[in-house]
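All remarks here apply to the structure that follows.
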Amino acid sequence: MGTIDFRPGSIVGNYEIVEQIGEGGMAEVYRARSRSGQCVAIKRLLPAIAHDQRFIDMFVLEARLAATLHHPNIAKVHEVGVDYFAMELIDGHDVRTLLTAAISRARPMPLTITLSIMYGTTCALAYVHDLCGPRGPQEKLNLVHRDISPSNILVSFEGAIKLVDFGIARIETGSVTRSASKQIKGKFPYMSPEQCRARPLDGRSDLFSLGVVLYELTTNTRPFDRNSEFDTLEAIVSGDYPRPSKVIPKYPAALEEIVVRLLATRPNDRYPTAGALLVDLDRVISAHDIDLSNDVLAAHIRAHLGNGEPPPPRKRTTPVTSSDATIPTPHGELSAEAKVPIDRIVARADELMRTVAPDVTDPRDLSSEHVAQLIGRALRWHAKGDLESAVLAVELTLSAARNETTDALLTSNESLILSVLTSLIGDQTRTAVPSQYLDALVGIAIDQRAAFLLTRIDGTLSAHELLATCGLPMRDACRHLCQLLLREIVVLV
Ligand SMILES: Nc1ncnc2c1ncn2[C@@H]1O[C@H](COP(=O)(O)OP(=O)(O)O)[C@@H](O)[C@H]1O
Ligand SMILES: [Mg+2]
79 MGTIDFRPGS
89 IVGNYEIVEQ
99 IGEGGMAEVY
109 RARSRSGQCV
119 AIKRLLPAIA
129 HDQRFIDMFV
139 LEARLAATLH
149 HPNIAKVHEV
159 GVDYFAMELI
169 DGHDVRTLLT
179 AAISRARPMP
189 LTITLSIMYG
199 TTCALAYVHD
209 LCGPRGPQEK
219 LNLVHRDISP
229 SNILVSFEGA
239 IKLVDFGIAR
249 IETGSVTRSA
259 SKQIKGKFPY
269 MSPEQCRARP
279 LDGRSDLFSL
289 GVVLYELTTN
299 TRPFDRNSEF
309 DTLEAIVSGD
319 YPRPSKVIPK
329 YPAALEEIVV
339 RLLATRPNDR
349 YPTAGALLVD
359 LDRVISAHDI
369 DLSNDVLAAH
379 IRAHLGNGEP
389 PPPRKRTTPV
399 TSSDATIPTP
409 HGELSAEAKV
419 PIDRIVARAD
429 ELMRTVAPDV
439 TDPRDLSSEH
449 VAQLIGRALR
459 WHAKGDLESA
469 VLAVELTLSA
479 ARNETTDALL
489 TSNESLILSV
499 LTSLIGDQTR
509 TAVPSQYLDA
519 LVGIAIDQRA
529 AFLLTRIDGT
539 LSAHELLATC
549 GLPMRDACRH
559 LCQLLLREIV
569 VLV
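According to our numbering, the sequence shown is numbered sequentially starting from 79.
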């Protein structure tokens with residue numbers, strides 16, 4: 079392994095190497111181009127370890143495993159080569175880079191970005207932890223990522239959140255554990271107590287690590303950073319960390335509750351599943367009136383990082399240890415333009431916005447008069463049977479920023495809104511299944527809660543069961559299912 083030349087211009091399989099874009103503790107990642115011009119990310123083992131059979135085995139396992147994962151919040155693997163694999167290129171930043179910028183500004187990241195990152199990663203984990211083998215629900219794989227950390231979560235300029243790096247993920251099937259190495263693996267400051275003790279893990283270990291990430295995103299410090307790795311491990315296993323409200327006065331109480339539950343020392347005291355965490359995240363998202371749509375996140379990323387300075391380094395040559403506590407000063411940030419995803423539904427919604435409110439570009443700026451007008455239009459289209467237009471009008475009304483008048487309008491029209499959404503859903507006894515267009519999801523600007531709903535659609539739930547059990551308020555659940563139905567990402571059979 080590792081003998082192929084990866085300099086810019088080199089040909090690797092079907093791809094031409096453009097430049098190196100990332101480096102972790104084990105691997106390097108390159109931007110490359112296929113013959114048809116498609117840009118991909120190519121990952122290969124670091125040359126220094128490319129001859130070590132243990133790492134080769136782990137790498138091959140990662141490539142094979144990642145190739146079986148299909149979720150909007152997980153970078154998709156296109157092709158597995160002899161000693162590399164090609165995956166979806168995430169044009170953007172890893173969360174470590176975003177954090178470095180936030181730390182240099184001495185201000186935690188905006189809550190919109192933090193909650194989007196949390197939401198997207200939790201959706202990916204809900205999918206990963208729930209994966210089953212070919213025999214269905216009776217053959218749960220118990221897949222654990224085991225390396226949830228900021229450098230393994232990517233945010234694209236289009237506002238998509240993607241989990242990467244299944245290099246040490248492990249499938250535990252009863253007594254058989256398929257992994258190339260039995261050593262403790264993971265990044266010390268993010269490891270769970272059970273991981274530190276090399277005990278058996280389940281999905282709740284990833285939730286602990288995600289708790290460390292949430293803590294860091296909201297306070298710019300890590301809960302268990304100590305002077306040595308030993309002290310860090312000891313702090314983790316004894317649950318010794320300052321509560322976020324001790325670090326940041328006025329820390330939102332509901333968010334602190336989530337952090338504390340995620341960082342519980344005993345797995346039984348944590349959220350039982352990623353799905354349960356999503357329900358609480360939703361509460362915070364609603365309480366802070368946060369819009370999770372990709373374009374809002376993309377705008378935040380541009381505002382947060384788009385100051386025209388040169389890009390910060392995304393390289394890390396050694397695995398992160400507690401010495402990583404001193405986070406390097408960033409050289410600056412990327413100022414890439416967000417690409418506008420091609421999404422027929424977004425295009426139609428834009429058109430509708432132009433007719434109703436020609437001067438408004440962001441649905442959040444729609445006035446209460448616009449909202450009233452849109453409700454009227456939704457009513458007329460609904461009566462005429464043009465359900466797609468009616469749902470789009472409703473969608474825009476729900477995107478408007480809330481004030482007393484819009485709130486009153488939405489409350490008094492609650493049943494109308496729900497009936498428009500449920501009309502599109504139609505026969506609720508029918509089973510929801512993902513369509514063959516799942517691949518089209520990449521680059522489509524769906525709300526992350528719609529993506530969450532998608533993770534629950536495995537062909538066993540009727541639309542009614544899905545809406546009733548997904549943990550979202552009924553109107554939101556209907557709204558997000560409509561997003562998926564309109565784009566034919568999901569069909570009812
Ligand atoms: N699909 C991708 N698109 C863009 N950048 C990526 C992609 N995958 C990884 N990277 C970048 O490369 C870095 C290292 O990749 P990763 O898979 O985490 O390797 P390692 O196993 O060595 O940690 C990541 O932290 C990220 O910055
Ligand atoms: Mg990594």
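The beta-carbon is built from N, C-alpha and C at its ideal position, and this holds for glycine as well. What you are looking at is a predicted structure, and each value in this text was computed from that prediction instead of being measured.
The shortest C-alpha to C-alpha distance from N92 to any of I99, D83, G102, S114 is the one to S114.
If you look at E157, you'll find it in the beta strand (DSSP E) that goes 155-158.
Taken in chain order, the complete beta strand (DSSP E) segments of 3 residues or longer contained in the stretch 124-205 are 155-158, 163-166, 170-172. Placement of the Cβ of L139 at a distance of 7 Å or more from every heavy atom of ligand 1 is found.
With respect to the C-alpha of A510, the residue from D358, S477, C556, E473 having the closest C-alpha is C556.
Classified as exposed, S88 has fewer than 16 neighbouring CB atoms from the shown chains inside 10 Å of its CB. Beta-bridge analysis with DSSP links G87 to no other residue. In the three-state reduction of the DSSP assignment, G289 falls in the helix class.
For D284, the shortest C-beta to heavy atom distance toward ligand 2 is 7 Å or greater.
When the Cα atoms are used, T296 and P212 turn out to be separated by approximately 40 Å.
Residue range 105-112 is occupied by the beta strand (DSSP E) that includes A105. When E140, R174, L177 are compared, the shortest CA-CA separation from V160 is found for E140. The straight-line gap separating the alpha-carbon atoms of T175 and A456 is approximately 43 Å.
In the pairwise beta carbon analysis, the stretch 186-195 is classified as touching the stretch 360-380: at least three pairs are separated by under 8 Å. A contact between stretches requires three or more CB pairs, one per stretch, nearer than 8 Å, and the stretch 474-486 fails this requirement with the stretch 527-537.
If you draw a 10 Å sphere on the C-beta of F308, you find fewer than 16 other C-beta atoms in it, and that means exposed.
For Q451, no beta strand (DSSP E) encloses it; the enclosing alpha helix (DSSP H) starts and ends at 446-462. Per DSSP, the continuous beta strand (DSSP E) segment holding E101 begins and ends at 93-101.
A distance below 7 Å between beta-carbons, with the five flanking residues on each side excluded, links F133 to the following residues of its chain, in chain order: M104, L123, I127.
For the alpha helix (DSSP H) assignment, the uninterrupted runs of no fewer than 4 residues enclosed by the stretch 334-382 are, from N- to C-terminal side, 352-365. Counting along the chain, the unbroken beta strand (DSSP E) around P512 starts and ends at 510-512. DSSP, read as helix, strand or coil, puts S227 in coil. Residue environment analysis places H149 among the buried positions, since at least 16 neighbouring C-beta atoms fall within 10 angstroms of its C-beta. When secondary structure is reduced to three states using DSSP, K265 falls in the coil class, being assigned neither helix nor strand. Within 7 Å of the C-beta of A179 there is not a single heavy atom belonging to ligand 1.
Of the other Cβ atoms in all chains shown, fewer than 16 fall within 10 Å of the Cβ of H129; this residue is therefore exposed. Short of 8 Å from the beta carbon of T310, and not among the five residues preceding or following it, lie these beta carbons of its own chain, in chain order: F266, P267, F302, D303, R304, S400. Here DSSP, grouped into helix, strand and coil, assigns C548 to coil.
The stretch 230-243 makes no contact with the stretch 272-279: fewer than 3 CB pairs, one atom from each, lie closer than 8 Å. With respect to the 8 Å criterion, L285 and L340 are classified as neighbours on the basis of their beta carbons. With a threshold of 16 other beta carbon atoms within 10 Å, S227 meets it and is buried.
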